[in-house]
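In the UniProt record's numbering, the protein residues as written are 1 to 66.
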């Protein structure tokens, strides 16, 4: 996106695959949940300064599958 790198997190299928995104060291973006039996996929891009990964306008400090 605009010459910025893109990364993708894929959470493997389970009963309710979801990605949990933490920003500013404590805020939580609502979990992205995939359909049952399919992976939850989240795409992140680097910010304009190239110093952090972002999702939906939030600078990510931690991301994990749930």
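The beta carbon of each residue, even a glycine, is placed where N, CA and C say it ideally should be.
The structure displayed is predicted, hence computed values, not measured ones.
| Going by DSSP, what residues sit across from residue 10 in a beta bridge? | For residue 10, which the question treats as bridged, DSSP gives the partners 41.
Q.
How far does the beta strand (DSSP E) with residue 63 in it extend, from its first residue to its last?
A. 58 to 65
In whole angstroms, give me the CA-to-CA distance for residue 5 and residue 46.
6 Å
If you follow the beta strand (DSSP E) that residue 67 is part of, which residue opens it and which one closes it? The question about residue 67 has no answer, for the chain in this structure spans 1 to 66.
Using only alpha-carbon positions, find the residue among 38, 24, 55, 66 that is nearest to residue 8.
-> 55
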